[in-house]
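Below is one structure, written out as structure tokens, with a few remarks after it.
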Amino acid sequence: MPEGRRQSVDDQLAYLRKGAVEIIPEAEFRAKLENSAKTGKPLRVYLGVDPTAPDLHLGHTVVIRKLKHFQDLGHTAIFLIGDFSAMIGDPTGQSETRPPLSREQVDANAKTYLSQVFKILDPKKTEVRYNSEWLGKLSSYEMVKLCGKYSLARMLEREDFRSRLDKNLPISVHELLYPLLTALDAVQLASDVELGATEQKFNLLVHRAIQREYGLPGQAILTMPILVGLDGAKKMSKSLGNYVGITEPPNEMFGKLMSISDDLMWSYYELVTDFAEPVIVRLKEEVRTGVLHPMDAKMQLAHNVITGFHGEAAARSAQDEFQRVFRNREAPSSMPEKRIKEDEWPNFLTPGTTTVPLARLLYSWNLANSRAEAERLIRQGAVEFNDKRIEDPAFQVALADLKHATLRVGKKSFLRLIVE
RNA sequence: GGACGGGUGGGUGAGUGGCUAAAACCAGCAGACUGUAAAUCUGCCGCUCCUUGCGGGCUACGGAGGUUCGAAUCCUCCCCCGUCCA
Numbered sequence: 000m001p002e003g004r005r006q007s008v009d010d011q012l013a014y015l016r017k018g019a020v021e022i023i024p025e026a027e028f029r030a031k032l033e034n035s036a037k038t039g040k041p042l043r044v045y046l047g048v049d050p051t052a053p054d055l056h057l058g059h060t061v062v063i064r065k066l067k068h069f070q071d072l073g074h075t076a077i078f079l080i081g082d083f084s085a086m087i088g089d090p091t092g093q094s095e096t097r098p099p100l101s102r103e104q105v106d107a108n109a110k111t112y113l114s115q116v117f118k119i120l121d122p123k124k125t126e127v128r129y130n131s132e133w134l135g136k137l138s139s140y141e142m143v144k145l146c147g148k149y150s151l152a153r154m155l156e157r158e159d160f161r162s163r164l165d166k167n168l169p170i171s172v173h174e175l176l177y178p179l180l181t182a183l184d185a186v187q188l189a190s191d192v193e194l195g196a197t198e199q200k201f202n203l204l205v206h207r208a209i210q211r212e213y214g215l216p217g218q219a220i221l222t223m224p225i226l227v228g229l230d231g232a233k234k235m236s237k238s239l240g241n242y243v244g245i246t247e248p249p250n251e252m253f254g255k256l257m258s259i260s261d262d263l264m265w266s267y268y269e270l271v272t273d274f275a276e277p278v279i280v281r282l283k284e285e286v287r288t289g290v291l292h293p294m295d296a297k298m299q300l301a302h303n304v305i306t307g308f309h310g311e312a313a314a315r316s317a318q319d320e321f322q323r324v325f326r327n328r329e330a331p332s333s334m335p336e337k338r339i340k341e342d343e344w345p346n347f348l349t350p351g352t353t354t355v356p357l358a359r360l361l362y363s364w365n366l367a368n369s370r371a372e373a374e375r376l377i378r379q380g381a382v383e384f385n386d387k388r389i390e391d392p393a394f395q396v397a398l399a400d401l402k403h404a405t406l407r408v409g410k411k412s413f414l415r416l417i418v419e
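Every letter in the first sequence is one number past the one before it in numbering that gives the first Met the number 0, and letter 197, counting from 1, is 196.
Below is the structure:
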């Protein structure tokens, strides 16, 4: 829905509601939109993100895309980097206390975050703020005053704390401070709306409550679903390894997106593409009735997502490559290369021979995490050397055979060797 | 500060002196089947060395010592977590 600056409130509402789980309170949110339409004053909408990891993945983009929607409608998008709060650690969804991040890590992460966020948001129209700006100089007096505005019982209502308490797991006192401190962001920004994933609901509501304590009207909150990771079970996260990073190369993205289950595909359509709701419904129906092959629907999804980050041409070639390698089982058009100088060979050679154990090569080239694993892979038939499957774990490769050799490990790893 | 309970491999969690690189389950990896799906089935799942063998060596049950031919299992001290009491 491009350039909807002067759209009706109903249209805005419909657009903003797509994919959202909850808008609290709904009526107030509508009133804010109406008021904004009347006065011509854009709403101040913010999303706070703690730079806890250096890279964004598709899961992060769900809520960033929603912020983008507000931006499209002419409202003020504020991207808040929690450079201070990241050093406390958000207890949300954590079964244990987070290790604190150092200043250096946070700064480095914040930097890469922004460049990635601007793949989605319009940098010229985005207000970027850092919460160290005000939290960094908060006095202990103000801190105590802030703590006086919320009760322990209410704090402990929160699911994460409850369950940890029940399971006799530790909760550090500083973790209680997290929602309170970040509430000052909402106060400082004088936000009308705050966005977040559903797991942030508690924090967002605390922010609203504290804003009112500080004499502000109290923001509306809009929550988005958590994107399920590639495994189809847990939330997408880097540490679980079930993610698609938004800076990943197109081929990588394509393969990862194709590996999700058919069921999961629809929530990806919903949350990480701009296909309109009716289009998604139609596709779903076509797959159900057998008009459209689910694999083709999934390819279209992958294509669309990749186009957003890398452009149409890259998406197309990723798709071609995918067909080639995985459907037609051909070698990839280009594979990673390992260059090695001829005079380095002696390091590998078995003394007194001119051969080297294949397992050792796999390990040295990072195709296996250990020699033991390399031998395992060979034993299980996962390894091809020059298109021939090797099953002897003690297989020796002759030096002469190594010039312009290719290695394949499993379905996804290829390596071309170039001896210079 | 006191009393009590607990800390095992990526996770959950068995194991109370040798048969335990450590049950079981989950996760993960590979192969088969496919649409590189999912589900399912089969195998693997600490590191290392070689002569690739039901091979050798090393490391591992919070930490450090000790007892013992032998310790995840017993003893001592320490660290960490929780519960109750103050």
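In this text, a Cβ means the ideal position worked out from N, Cα and C, and glycines have one as well.
Could you tell me the boundaries of the beta strand (DSSP E) in which residue i lies?
i, result
"residue 11", "Premise fails: residue 11 lies in the alpha helix (DSSP H), 8-16, not in any beta strand (DSSP E)."
"residue 45", "43-48"
"residue 193", "192-196"
"residue 407", "405-408"
"residue 80", "75-80"
Taking only three categories from DSSP, how would you classify residue i?
i, result
"residue 212", "helix"
"residue 326", "helix"
"residue 224", "coil"
"residue 129", "strand"
"residue 400", "helix"
"residue 353", "coil"
"residue 315", "helix"
"residue 94", "Because the pLDDT at residue 94 is just 49, under 50, the model does not fix this residue reliably, and the point stays unresolved."
"residue 20", "coil"
"residue 395", "strand"
"residue 135", "coil"
"residue 297", "helix"
"residue 83", "coil"
Please go through the same chain and pick out, in chain order, the residues whose beta-carbon is closer than 8 Å to the beta-carbon of residue i, but skip the five residues on each side of it.
i, result
"residue 381", "408, 409"
"residue 419", "338, 339, 340, 341"
"residue 223", "18, 19, 20, 61, 62, 65, 194, 195, 196, 197, 270"
"residue 326", "none"
"residue 403", "415, 416, 417, 418"
"residue 411", "254"
Along the chain, where does the alpha helix (DSSP H) that runs through residue i open and close?
i, result
"residue 37", "25-38"
"residue 186", "172-188"
"residue 426", "As displayed, the chain neither begins before 0 nor continues past 419, which places residue 426 out of reach and without an answer."
"residue 62", "57-71"
"residue 253", "249-257"
"residue 105", "102-116"
"residue 268", "261-271"
"residue 152", "151-154"
Is the Cβ-Cβ distance between residue i and residue j less than 9 Å?
i, j, result
"residue 252", "residue 58", "no"
"residue 305", "residue 313", "yes"
"residue 335", "residue 396", "no"
"residue 244", "residue 46", "no"
"residue 116", "residue 69", "no"
"residue 20", "residue 246", "no"
"residue 227", "residue 263", "yes"
"residue 330", "residue 24", "no"
"residue 154", "residue 175", "yes"
"residue 44", "residue 29", "no"
"residue 105", "residue 50", "yes"
"residue 301", "residue 317", "yes"
"residue 496", "residue 413", "With the chain running from 0 to 419 in the structure shown, residue 496 is simply not present."
"residue 10", "residue 67", "no"
Pull up the DSSP beta-bridge partners for residue i, would you.
i, result
"residue 290", "Beta-bridge pairing links residue 290 to no other residue."
"residue 418", "339"
"residue 413", "407"
"residue 276", "Answer is none; residue 276 lacks a bridge partner."
"residue 304", "Paired residues: none, contrary to the question."
"residue 160", "BP columns for residue 160 are empty, so no partner."
"residue 244", "56"
"residue 382", "408"
"residue 234", "227"
"residue 219", "192"
Tell me which same chain residues have a C-beta within less than 7 Å of the C-beta of residue i, skipping the five on either side of it?
i, result
"residue 217", "207, 210, 211"
"residue 393", "356"
"residue 131", "82, 83"
"residue 56", "235, 237, 242, 243, 244, 245"
Ordered along the chain, which non-local residues of its own chain (more than five positions away) have a Cβ less than 6 Å from that of residue i?
i, result
"residue 94", "Because the pLDDT of residue 94 is 49, which lies under 50, any placement of that residue in the model is unreliable, and the number read from its coordinates should be weighed accordingly. No residues qualify anywhere along the chain."
"residue 129", "80, 82"
"residue 286", "293, 296"
"residue 6", "none"
"residue 230", "241"
"residue 163", "170"
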